[in-house]
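For reference, the structure discussed in these notes is given below.
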Amino acid sequence: MRILIVDDDRPTRLCLSKMLGPLGEVAAVGSGQEALDVFGDALTKGSPFELICLDIIMPGLDGQATLQAMRDLEARHGVAPGKETKVMMVTCCGDAGNVCRAFFKGQADGYVTKPMRQAELIKTLSQMGFTIE
7 MRILIVDDDR PTRLCLSKML GPLGEVAAVG SGQEALDVFG DALTKGSPFE
57 LICLDIIMPG LDGQATLQAM RDLEARHGVA PGKETKVMMV TCCGDAGNVC
107 RAFFKGQADG YVTKPMRQAE LIKTLSQMGF TIE
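Spelled out as structure tokens, the structure:
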């Protein structure tokens, strides 16, 4: 599985990379713009990510704007509806409004709260349709 982690907090990127590393190839970036560059490049090369872990609150392009731009990139690259990359929002507990907006727009597939626990992460991935062994 190809996984893209997007979080401006380096310790969170490292934690998620460590937890998700056994599941496949992990790329981690610190901003929405970096994420769009890496995500677009992967689409162009025909090797899209299967999972994106996306922080909501980031300087510059926040998670909502980054996710919308990613969905726009997928549409421009001809990704069929229902075949888009699965997105797990990463949020702090007090950020429920942003998570709800992402779900209501049909763009996010799951979410975890910081600080993350391995069990919560695996449960969320399973609910999103991933098989975790």
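Adding 6 to a residue's 1-based position in the sequence shown gives its number in the working numbering.
Virtual Cβ for every residue (Gly too), placed ideally from N, Cα, C.
Here the structure is a predicted model, which is why all the values come from computation and not from measurement.
(message) Going by beta-carbon coordinates alone, are Lys92 and Leu57 separated by less than 8 Å?
(response) yes
(message) Need the endpoints of the beta strand (DSSP E) that Glu31 sits in, please.
(response) Glu31 to Val35
(message) If I follow the unbroken alpha helix (DSSP H) through Val44, where does it start and stop?
(response) Gly38 to Thr50
(message) So, under 8 Å CB-CB, Ala33 and Thr72 are touching, yes? Tell me the CB distance rounded to an integer number of Å.
(response) At roughly 14 Å, the Cβ-Cβ gap does not stay under 8 Å, so Ala33 and Thr72 are not in contact.
(request) Could you tell me the boundaries of the beta strand (DSSP E) in which Leu10 lies? (result) Arg8 to Val12
(request) Could you spell out where the alpha helix (DSSP H) holding Leu73 opens and where it closes? (result) Gly69 to Arg82
(message) Which residue marks the beginning of the beta strand (DSSP E) containing Ile58, and which one marks its end?
(response) Leu57 to Asp61
(request) Please name the residue in Gly66, Asp115 and Ile63 whose C-alpha comes closest to that of Arg77. (result) Asp115
(request) Report the three-state DSSP secondary structure of Thr137 (helix, strand or coil). (result) coil
(request) With DSSP collapsed to three states, give me the class of Gly116. (result) strand
(request) Determine, using beta carbons only, whether Asp14 and Asp61 come nearer to each other than 8 Å. (result) yes
(message) On a Cα-Cα basis, can you pick out the residue from Lys24, Pro87, Gln70 and Thr50 that is closest to Arg123?
(response) Lys24
(request) Look up Lys92 in the DSSP assignment and give the residues it is bridged to. (result) Leu57
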